[in-house]
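>
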Amino acid sequence: MNIRISLTLVLGLLMLHFTVLAPAATGDVNRPLPDYNPLDSTIFMEKQQVAVQEATLGAKTLAVAKSFLGAPYVTGTLEGNAREQLVVNLRQLDCWTLVECSLAIAQTGDGMFDDYLSRLRQLRYWGGTIDGYGSRIHYFTGWLLQAEKSEVLSDLTRDLGGIPYRKKVNYISARPAKYPRINKPETLRALVAAEKRINAHEWFYIPQAKINAIEQQIEDGDIILLTSAKRDLDIAHQGFAVRQNGHVHLLHASSLSKKVIISKQPLAQYVLAQKGQTGIMIARIKSGSD
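The opening residue of the sequence shown carries number 1157 in my numbering; numbering runs sequentially from there.
1. Looking only at its own chain, which residues have a Cβ that is under 7 Å from the Cβ of P1422, when we skip the five neighbours before and after it?
2. Would you call T1285 buried or exposed, if buried means 16 or more other Cβ atoms sit within 10 Å of its Cβ?
3. If contacts are defined as beta-carbon pairs under 8 Å, then G1226 and K1415 qualify, I think. What distance do you get, rounded to the angstrom?
4. Mapping the DSSP letters down to three states, classify L1423 as helix, strand or coil.
5. Where does the unbroken beta strand (DSSP E) through F1396 begin, and where does it stop?
6. Nearest to M1437 by alpha carbon, out of L1189, Q1204, E1358?
7. May I have the straight-line CA-CA distance separating T1182 from D1271, to the nearest angstrom?
8. Whose C-beta lies closer than 7 Å to the C-beta of P1320 among residues of the same chain, with five residues either side of it excluded?
9. For the alpha helix (DSSP H) that V1363 lies in, which residues bound it at each end?
10. As a quick exercise: from S1329, L1428, K1352, pick the residue whose alpha carbon is nearest that of I1367.
11. Taking C-alpha atoms, which residue in C1257, D1388, V1230, P1228 lies nearest to L1242?
12. Could you check how far apart the C-beta atoms of T1297 and I1370 are, in whole angstroms? I think they sit under 8 Å.
13. Between S1223, V1220, R1345, T1253, which lies nearest to E1235 when the distance is taken from Cα to Cα?
14. Taking CB distances under 7 Å as the criterion, tell me whether S1310 reaches chain D.
15. Are there any heavy atoms of the ligand SAM lying less than 6 Å away from the beta-carbon of A1429, as far as the coordinates show?
16. Which one of A1262, E1202, A1238, L1246 has the shortest CA to CA distance from I1441?
17. Output needed for V1325: all residues of its chain with C-beta closer than 8 Å, excluding positions within five of it in sequence on either side, in chain order.
18. Mind checking L1273: buried by the 16 CB within 10 Å criterion, or exposed?
19. What separation, rounded to the nearest whole angstrom, lies between the Cα atoms of S1443 and L1259?
20. Just to confirm, are V1337 and Y1289 a CB contact at a threshold of 7 Å?
21. Which value, in whole angstroms, describes the spacing of the CA atoms of T1198 and V1348?
22. Taking C-beta to C-beta, are A1365 and C1251 nearer than 7 Å?
23. Suppose you measure from the CA of P1190 to the CA of Y1426; what does that come to, to the nearest Å?
24. Among V1206, Q1205, A1211, P1194, which residue has its Cα nearest to the Cα of R1247?
25. Taking C-alpha atoms, which residue in I1293, G1432, N1245 lies nearest to T1343?
26. Just to confirm my understanding: we take I1374, look at its own chain, exclude 5 residues before and 5 after, and list those with CB closer than 7 Å. What are they?
27. Starting from R1345, trace the beta strand (DSSP E) in both directions and tell me its first and last residue.
28. Counting C-beta neighbours from all protein chains within 10 Å, is the total for R1275 16 or more, i.e. buried, or is it exposed?
29. I'd like to check one pair, G1265 with G1377: are the Cβ atoms closer than 7 Å?
30. Would you tell me roughly how many angstroms separate the C-alpha atoms of A1201 and A1221, rounded to the nearest one?
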């Protein structure tokens, strides 16, 4: 790379960095600025180049997810700020942020980093609005519910032979000692309202023993939600379907392997081996939703 190209790239990154960190417009002064490392904008551009090589949003999303293989697994990256902010961390991922960030990058197309931030905010917060800890979506079925309402994806579980998934989801509100940020009355109210919204929806799941029977109907890039055995928790884990040697495997950020991997076992065997998981839900990204 010659000096002129190097200088152009550096200047471009600096302009991108300061554009995103610029003060909010007059009508938006109360929106908290995003929290991110300048390296995240560089990683975004690298992943963006991966995404644009693919034709559909689902293929773009899966390509980005695959490009994260080997990235370190770190939990709790969205926590730690006194004030709720849009946290961007493409250097370290957990099972949720792998899915969310891959989709948001794919949705951005050839847009700028601030376009990616907007996509990410729309996926992560109820109504795309940041208004404290309670405005963030804390249950993955809630994330699925909003993404489907926004016509980003479709929940195929019922159509693929799913049976009713009945439980009262209130894992977080029932554990204020574990989640001290819900001790504020307004935060707890927002969280309980979100739990009611989720519980009012009719959910379905494919039990562990039935996954093999519907495996051939699962497509590359489908989002796989692994249902929780806990009575008040909806989802224990999530990732992407990847077909290898005629079987579906799970591309996911693994807490055991401490990095993004593709499961060695086919999906049906993998779920059976997990004591805390009872089955799966399946969501498919819509081709025209970018």
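Using N, Cα and C, we set each Cβ at its ideal position, and we do this for glycine too.
It should be emphasised that the depicted structure is a prediction, and the values quoted were computed from it without experimental measurement.
According to the structure shown:
1. The beta carbon of P1422 sits closer than 7 Å to those of H1403, V1404, H1405, all from its chain and outside the five residues before and after it, given in chain order.
2. Counting Cβ neighbours within 10 Å, T1285 comes out exposed, since fewer than 16 surround it.
3. Going by Cβ atoms, the distance from G1226 to K1415 rounds to 6 Å, so yes, they are a contact pair.
4. Helix at L1423.
5. Run containing F1396: 1391 to 1400, per the beta strand (DSSP E) assignment.
6. Nearest neighbour of M1437 by Cα position, chosen from L1189, Q1204, E1358, turns out to be E1358.
7. Here T1182 scores only 33 on pLDDT, less than 50, and its place in the model should not be relied on; the value that follows carries that caveat. T1182 and D1271 have their C-alpha atoms roughly 19 Å apart.
8. Listed in chain order, the non-local C-beta contacts of P1320 below 7 Å within the same chain comprise F1360, local neighbours out to five positions each way being set aside.
9. One point to set straight first is that residue 1363 is Pro, not Val, in the sequence displayed. Counting along the chain, P1363 falls outside any alpha helix (DSSP H), though it belongs to the beta strand (DSSP E) covering 1360 to 1363.
10. Ranking the options by Cα distance to I1367, first place goes to L1428.
11. It is C1257 whose Cα lies nearest to the Cα of L1242.
12. T1297 to I1370, Cβ: 20 Å. No contact.
13. Per the Cα distances, T1253.
14. The chain labelled as chain D is not found in the depicted structure, where only one protein chain is given.
15. As far as ligands go, the structure on display features none, and thus does not contain the ligand SAM.
16. Considering only alpha carbons, the answer is A1262.
17. Correct list, in chain order: Y1295, T1297, E1351, I1354, N1355, D1388, L1389, D1390.
18. The residue is buried, with at least 16 neighbouring Cβ atoms inside 10 Å.
19. So the alpha carbons of these two residues sit roughly 12 Å apart.
20. Note on residue identity: the sequence assigns Arg, not Val, to residue 1337. In contact: R1337 and Y1289 (Cβ atoms closer than 7 Å).
21. When rounded, the distance between both Cα atoms is 38 Å.
22. Result no, Cβ atoms of A1365 and C1251 do not sit closer than 7 Å.
23. Spanning the two alpha carbons is a distance of roughly 36 Å.
24. It is P1194.
25. Selected option, being the one with the closest Cα: I1293.
26. Beyond the five residues adjoining it in sequence on each side, I1374 comes within less than 7 Å, by CB distance, of A1397, V1404, I1438 in the same chain, given in chain order.
27. Looking at the DSSP string, R1345 is not in any beta strand (DSSP E); the run it does join, the alpha helix (DSSP H), is 1341 to 1355.
28. Result: buried.
29. It is not a contact, given that the beta carbons lie outside the stated cut-off.
30. Residue 1201 is actually Met in this sequence, not Ala. As the crow flies, the alpha-carbon of M1201 is around 14 Å from that of A1221.
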